[in-house]
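K.L.:
Going down the list, the protein sequences come from chains A and B.
Counting in this note's numbering, the first sequence runs from 272 upward without gaps.
Counting in this note's numbering, the second sequence runs from 14 upward without gaps.
For every residue, glycine included, the Cβ atom is placed at its ideal position computed from N, Cα and C.
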Amino acid sequence: MSYPEYHTIKDLSEALKKGEVSSVEVTKQYLERIESLDDKVKAYLHVDADAALREAREADDVIRRGEATPLTGIPLGIKDVLCVEGIPNTCGSKILQNYIPPYSATVIEKLRREHVVILGKLNMDEFAMGSSTENSRFQVTRNPWDLERIPGGSSGGSAAAVAGALCAGALGTDTGGSIRQPASLCGIVGMKPTYGTVSRFGLVAFASSLDQIGPMTRSVEDAALLLNVITGHDPKDSTSVPREYPDYTEGLEGGLQGLRVGIPKEYFIEGIDPEVEAHVKKAIQAMKDAGAEIVDISLPHTEYAIATYYIIATAEASSNLARYDGVRYGYRDKSAASLRDMYEKTRSEGFGTEVKRRIMLGTYVLSAGYYDAYYRKGQQVRTLIREDFKKAFEVCDVIATPTSPTPAFKIGEKTDDPLQMYLSDIFTISVNLAGLPGISVPCGWTKDNLPIGLQLIGNLFGEQAILRAARGYEQIFPAADRYPEIVGEN
Amino acid sequence: MTIGRKEVEHIATLARLSLSEEEKTTLEKDLNAILGYVEKLGALDTEGVEPTSHALDITNAFREDELIPFEEREKVLANAPARHEAFFQVPPISEGISST
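#1: For the putative contact between residue 390/A and residue 323/A, defined by C-beta atoms under 8 Å, what is the C-beta separation to the nearest angstrom?
#2: Taking 8 Å as the threshold, find out whether the stretch 620-640 of chain A comes into contact with the stretch 658-677 of chain A through three or more Cβ pairs.
#3: For residue 444/A, count neighbouring Cβ atoms within 10 angstroms of its own Cβ and tell me buried if that reaches 16, exposed if not.
#4: DSSP puts residue 564/A in a beta bridge; with which residues?
#5: Quick one: Cα of residue 537/A to Cα of residue 283/A, how far?
#6: Indicate the three-state DSSP secondary structure (helix, strand or coil) for residue 755/A in the structure shown.
#7: Beta-carbon of residue 743/A versus every beta-carbon of chain B: anything under 8 Å?
#8: Please confirm whether residue 370/A and residue 601/A have their CB atoms less than 8 Å apart.
#9: Pick helix, strand or coil for residue 674/A, following the three-state DSSP scheme.
#10: Taking a contact to mean a Cβ-Cβ separation below 8 Å, would you say residue 505/A touches residue 377/A in this structure?
#11: Return the residues of the stretch 65-77 of chain B that lie within a Cβ-Cβ distance of less than 8 Å from chain A, sorted by chain order.
#12: Between residue 382/A and residue 351/A, is the Cβ-Cβ spacing less than 8 Å?
#13: So if I threshold CB-CB distances at 8 Å, which residues from the stretch 83-98 of chain B count as touching chain A?
#14: Alpha carbon to alpha carbon, how far is residue 307/A from residue 16/B? Give it in angstroms, no decimals.
#15: Pick helix, strand or coil for residue 392/A, following the three-state DSSP scheme.
#16: Does the CB of residue 754/A have a neighbour CB from chain B at under 8 Å?
#17: Per DSSP, what kind of secondary structure is residue 453/A in: helix, strand or coil?
#18: Quick check on the burial criterion: 16 or more other C-beta atoms within 10 angstroms. Buried or exposed for residue 642/A?
#19: First and last residue of the beta strand (DSSP E) that includes residue 400/A?
#20: List the endpoints of the continuous beta strand (DSSP E) containing residue 712/A.
#21: Report all residues from its chain with a CB closer than 7 Å to the CB of residue 102/B; omit the five preceding and five following residues, and keep chain order.
#22: If you measure beta-carbon to beta-carbon, which residues of the stretch 623-643 of chain A are closer than 7 Å to chain B?
#23: With H, G and I counted as helix, E and B as strand and the rest as coil, what does DSSP make of residue 113/B?
#24: Output the boundary residues of the beta strand (DSSP E) element that contains residue 661/A.
#25: Please confirm whether residue 586/A and residue 646/A have their CB atoms less than 8 Å apart.
#26: Within 8 Å of any Cβ in chain A, is that where the Cβ of residue 101/B sits?
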C-alpha cells in the first residue's frame, strides 16, 4: 500500500472533475487500504464495498455529465451513530447490534444529494460515551501513529480512519469533545459547529442539548466544504436554527492579520503535558508573528465545567437511553418471563459498564430530593460558563487553547479510573455547554511522534472566524500530507 | 453526600437495570468518587442565576401539522425482536398471565 495521491478532499475533487482519476478507482484504493490496514487499526465496524462501488459508478456518471459538486465521488466514512438507511447502526453497543435503520439521518440525505461515496460505519465509544473508543462493545480502535495507543474518543474510529487514509473525510459527533479530542490525538482537523447548525435528525441521541455533528478531515478547507453541505435548518429537528447559512469557504484565506486571539489563563494549568504546552504556545506565537493580536482573557468558571457536564450530560443520557427496552428493535433477553423482567435483563446485558455508570449517575441527579442540589445547580453553573465566554468575546474574535491536555495515552491506561478519563476532556467540554463552535488543528508532534492539537473556539455562529484563523495557522503549519508510517508500509 | 448500597439498588430500579453484586460494589465506589468531584459546584454562589437548559435562546419551533405518510412499516417491524402480524410482541405484563 502507498500514500494517497491526493491528500485532501479539495485536491481529489479537482482531480475527479479533470478526469485524472475516477471515483471508482479512488474508491477501490480506499477499499484496498481498508483491507490491508484496518486489521491493525480497527476503525471500521462495517464496510459495504459493493454499495460503495455502486455509489462511485453513479458519481462518475454525474461527473461525466458535468454536474459534479465539491463532494461528488468523494469516499467518506460515517460514525456509527448516524443512521444510514439499510446499513447496520450499532452506536458501538450490543443493545443495537442488529438494528438496521429504516431511514437516513438528515446529514446523510444531504451528502447523498452530492453523490458522495459511503465506505462504511466507524467505531466509537458505546453511545458516544468515552474519550478513548475503548468503550466500544465490539473492538478497540488503535491510533495509527502508535498502535499501542488510543485514538481518542468518542469519534475514535472516524479520527483513526482519516489519519490512516482509510477514507478521504468523515463525520463525527461531539458532545463534550468527541470530534476535537480524537482529531487532536490523531493529527487531523475536527470541527464542532455551533449547536443548532447541523440537524440532529437521525443522530442517535446521547445528550440532546450538547450533541452536534461535525466534519473530520485532513485540511481546514475540507472541513468548510463538508460544513457547506451538512449545515442548514431542518424542520425534523426542533433545535435546528432557521437562519441564513453562509458559504464557509468564503473568507477562508483572510489571514491572521488583525485577528484578535484570546488566550484564557485557566487553560494553561498544572498537569498539562509539557510538550503539549510548548507546542501550543509556539503555535500562538506563530499566529502573533503572522499579524494576530494576542489578548489575555479569563474564563473563571473553567474548573467547574467537567462537574457541570457530568450532571447535565448524564441526566439527559439517562432519559434518552430509556428507549432501549427490547421492545421495538435491537437486543432482547429472550429468557424473561415478564415484561418488567425483560426490560431489566435486556438493558443490563445490552449496555456496557460506562453506559450503565452514566445512566445510574443521570438517574440519581434527576431523582426526587437531589434534583435541586445537582441538576438545577448544574444548569445554573452552565449559565455562568456561557457568560464567561460572552464576556471574553467582547475583546477577542477567537480563543486559542490546547485541545487535549496530553497526547494519545496507552490502551488500558485510564480504563480503571472513570474520573481520570473524564478529565481528558477538560479543554473541550465548556464549548459544548456554551453551544459554541470549536475546531482542532494539528500544531505539532511530540518527540515520540504523537500529534498535538490546537483548539480554536468561536462565538455563537462564529464558524467563519475560527475557520479563517485555522486556515491561517494551517498555512504556517501544514499537516494534510503527514501520514503515519503504517500507511506507507508493505 | 455519599450514596450507599441501598441507594444504588434504588437507582438501579428506577433505571430498570438489574445489577450483579459485583457491579453494585463497583458502581457504589465510582458514583461516590464522581459525586465527590461534583461537590465542588457547592462552593459556587448561584443565588439568582437563571438555569440554562439550552445554549441558544430559541423557544418552541412550530410548523404546519401536515400528514406525511410513512410507507416503510415492514422495515420498522423487521427490527422487532418478536412480532405478531403488524404488532411488536412482548412477554406478559405480569407473571401468571399467559401470552397468546
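P.N.:
On the basis of the data shown:
#1: 5 Å
#2: no
#3: buried
#4: 531/A
#5: 41 Å
#6: coil
#7: no
#8: yes
#9: coil
#10: yes
#11: 65, 66, 67, 68, 69, 71, 73, 74 and 76
#12: no
#13: 85, 88, 89, 91, 92, 93, 94 and 95
#14: 50 Å
#15: strand
#16: no
#17: helix
#18: exposed
#19: No beta strand (DSSP E) contains residue 400/A, which DSSP labels as neither H nor E.
#20: 709-716
#21: 95 and 96
#22: 627, 628, 630, 631, 632, 634, 635 and 638
#23: Since pLDDT at residue 113/B reaches only 45, below the 50 mark, its modelled position is unreliable, and the value read off the structure follows with that caveat. If DSSP states are grouped into helix, strand and coil, residue 113/B belongs with coil.
#24: Looking at the DSSP string, residue 661/A is not in any beta strand (DSSP E); the run it does join, the alpha helix (DSSP H), is 648-663.
#25: yes
#26: yes
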